[in-house]
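In the numbering used here, the protein residues as written are 125 to 557.
Written out as structure tokens, the structure is:
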């Protein structure tokens with residue numbers, strides 16, 4: 125059983141889409157799958173005719189988004205939130221990590237912890253926390269990092285998986301690179317796994333593959349939610365919730381905690397009835413996406429191959445993984461061949477049993493076949509390189525540092541966070557050697 129922590133505007137809106145998607149999938153799943161997912165993410169209704177209650181805590185420094193999420197869930201008629209498991213204030217975090225971490229965090233700690241304990245005590249077999257948060261703003265990033273540290277201190281044996289939303293490269297707030305750097309550096313210490321989802325990638329999927337020409341944040345959050353639900357969906361032989369298994373498999377090495385997620389096919393609802401991929405074709409595209417570090421099926425470089433009897437030349441750059449978690453759902457999934465995902469050239473020589481595969485017959489999104497891949501790989505290098513480079517340029521010019529110093533974050537602490545993230549980057553770079 126997991127408690128989902130929805131933090132900040134982005135985290136709450138994504139969390140609502142996550143539970144909505146999960147509720148939809150549960151409604152047409154097999155009874156055994158329904159039992160696993162309902163017990164893991166929902167509290168059973170207290171009276172006949174009632175609806176299940178999401179195992180979630182909603183947190184924001186402004187009340188509007190939390191109120192909208194509570195009302196939206198109640199209107200669905202299929203699930204709802206516990207109104208007593210939400211916390212909000214009347215002031216924001218000014219898009220400032222230090223404001224959320226050093227100011228709001230200590231002030232709100234006891235009230236938030238009370239909401240968390242109430243949800244944890246409602247679990248018969250508590251596994252851990254799944255956190256939904258943005259990297260760009262002040263609440264999701266700063267307060268989110270504070271809460272993660274708090275959860276690690278208060279529940280030391282629990283698992284913590286952070287789903288973090290990477291801001292648009294074009295810029296959402298002027299200090300987003302600072303906020304993202306500080307959040308990731310903090311989470312590398314307190315979290316067990318950090319799944320990075322890029323807004324730019326999800327927008328491209330909406331525009332180029334789902335034919336949504338002007339996607340809203342709701343459209344983008346729906347795509348993200350489908351990726352996340354696909355990754356945790358149980359298989360035919362699964363008997364318990366998989367979050368701890370996912371973390372144990374993907375992040376067994378403490379120096380490598382950064383994950384990415386891919387899910388195919390992505391097709392418009394109107395085209396689902398006309399989509400009939402063979403498993404061999406679907407997995408061939410997904411493998412290529414992994415190898416060439418691409419998150420959509422468009423524009424793949426097919427010159428890099430892992431054909432039988434061939435190995436990749438050392439001069440050819442490709443994406444190396446620590447481990448991969450592959451989930452296949454749909455018709456004839458037990459006949460799919462996924463041996464190429466275990467090819468030794470995709471992994472360092474010291475990686476033991478790097479591939480785990482879950483196979484189930486559920487029609488995810490009512491599609492005949494879907495494949496979701498969670499990866500601990502070098503995919504994070506390019507966005508992190510850009511992030512640290514841009515943040516350091518601002519730092520070298522002393523840009524906006526006074527706003528962080530005002531809330532207790534000193535320049536020396538910035539240097540420590542830079543060094544911490546650079547060490548993680550270097551660990552992933554060394555996978556190619």
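Glycine included, each C-beta is placed from N, C-alpha and C at the ideal position.
(message) Please return the same chain residues whose Cβ sits closer than 6 Å to the Cβ of residue 531, not counting the five positions on each side in sequence.
(response) Here residue 531 refers to the residue found at position 407 when the chain shown is read from its first residue. Correct list, in chain order: 222, 223, 226 and 227.
(request) For residue 147, collect the residues of the same chain with a Cβ closer than 6 Å to its Cβ; drop the 5 residues on either side in sequence, then sort them by chain order. (result) Along the chain shown, read from residue 1 onward, the residue named residue 147 stands at position 23. Around residue 147: 202 and 203.
(message) Please give me, in chain order, every unbroken run of the beta strand (DSSP E) with length at least 3 that falls completely inside the stretch 313 to 361.
(response) 317 to 322
(request) Apply the 10 Å Cβ neighbour rule to residue 166 and answer buried if 16 or more other Cβ atoms are within range, or exposed otherwise. (result) Working through the chain shown from its first residue, we reach residue 166 at position 42. Buried.
(request) Scan the stretch 386 to 467 and note each continuous beta strand (DSSP E) run of 3 residues or more that stays entirely inside, going in chain order. (result) 445 to 454
(message) Comparing C-alpha positions only, which one of 404, 381 and 133 sits nearest to residue 264?
(response) Taking the first residue of the chain shown as position 1, residue 264 is located at position 140. Of 404, 381 and 133, the residue nearest in Cα terms is 133.
(request) Compute the distance between the beta-carbons of residue 252 and residue 209, then report whether it is under 7 Å. (result) Reading the chain shown from its first residue, position 128 is the one you call residue 252. Reading the chain shown from its first residue, position 85 is the one you call residue 209. Contact: no.
(message) So, for residue 292: in the same chain, excluding its five sequence neighbours on each side, which residues have a beta-carbon less than 7 Å away from its beta-carbon?
(response) Within the chain shown, numbered from 1, the residue matching residue 292 stands at position 168. Contacts found: 323 and 324.
(message) Can you tell me where the beta strand (DSSP E) holding residue 129 begins and where it ends?
(response) Along the chain shown, one-based indexing puts residue 129 at 5. Note, residue 129: beta strand (DSSP E), 126 to 131.
(request) Quick one: give me the first and last residue of the beta strand (DSSP E) that residue 252 is part of. (result) Counting from one through the chain shown, the residue named residue 252 turns up at place 128. Taken as a continuous stretch (DSSP letters only), the beta strand (DSSP E) holding residue 252 covers 252 to 258.
(message) Whole angstroms are fine: how far does the CA of residue 426 sit from the CA of residue 258?
(response) Within the chain shown, numbered from 1, the residue matching residue 258 stands at position 134. Within the chain shown, numbered from 1, the residue matching residue 426 stands at position 302. Their Cα atoms are separated by approximately 33 Å.
(request) Give the DSSP-derived three-state secondary structure of residue 188 in the structure shown. (result) Taking the chain shown and counting its residues from 1, the one referred to as residue 188 is at position 64. Three-state result, residue 188: helix.
(request) Compare the beta carbon distance of residue 321 and residue 348 with 7 Å and say whether it is the shorter of the two. (result) If you number the chain shown from 1, residue 321 lands on position 197. If you number the chain shown from 1, residue 348 lands on position 224. Result yes, Cβ atoms of residue 321 and residue 348 sit closer than 7 Å.
(message) Using a Cβ distance threshold of 8 Å, determine whether the stretch 517 to 530 contacts the stretch 481 to 495, with at least three qualifying pairs required.
(response) no
(message) Let's test the definition: count the other Cβ atoms within 10 Å of the Cβ of residue 366 and tell me whether it reaches 16, buried, or not, exposed.
(response) Here the question's residue 366 lines up with position 242 in the chain shown. Buried, because 16 or more other Cβ atoms sit within 10 Å of the Cβ of residue 366.
(request) Buried or exposed for residue 243, please, with buried defined as at least 16 other CB atoms from any protein chain shown within 10 angstroms of its CB. (result) In the chain shown, residue 243 corresponds to position 119, counting from 1. Buried, by the Cβ-count rule.
(message) Determine whether the beta carbon atoms of residue 136 and residue 190 lie at a separation below 7 Å.
(response) Here residue 136 is taken as the residue at index 12 of the chain shown, counted from 1. Here residue 190 is taken as the residue at index 66 of the chain shown, counted from 1. In this structure, residue 190 lies closer than 7 Å to residue 136 by Cβ.
(request) State yes or no: is the C-beta of residue 443 within less than 7 Å of the C-beta of residue 415? (result) Position 319 of the chain shown, counted from the start, is the residue given in the question as residue 443. Position 291 of the chain shown, counted from the start, is the residue given in the question as residue 415. For residue 443 and residue 415, yes; Cβs fall inside 7 Å.
(message) So that I know if they touch, is there some Cβ in chain C lying closer than 7 Å to that of residue 535?
(response) Absent from the structure: chain C. Only one protein chain is present.
(request) Reducing DSSP to helix, strand and coil, say where residue 482 ends up. (result) As a first step, residue 482 is located in the chain shown; it is residue number 358 there, counting from the start. Correct three-state label for residue 482: strand.
(request) Over the uninterrupted alpha helix (DSSP H) stretch that includes residue 286, give me the two end residues. (result) What you label residue 286 is simply residue 162 of the chain shown in a count that begins at 1. Run containing residue 286: none in the alpha helix (DSSP H); it sits in the beta strand (DSSP E), 283 to 290.
(request) In the DSSP assignment, find the beta strand (DSSP E) that holds residue 494 and state where it starts and stops. (result) The sequence position of residue 494 within the chain shown is 370, counting from 1. 493 to 501 is the extent of the beta strand (DSSP E) around residue 494.
(message) Need the endpoints of the alpha helix (DSSP H) that residue 232 sits in, please.
(response) Taking the chain shown and counting its residues from 1, the one referred to as residue 232 is at position 108. Its alpha helix (DSSP H) spans residues 229 to 245.
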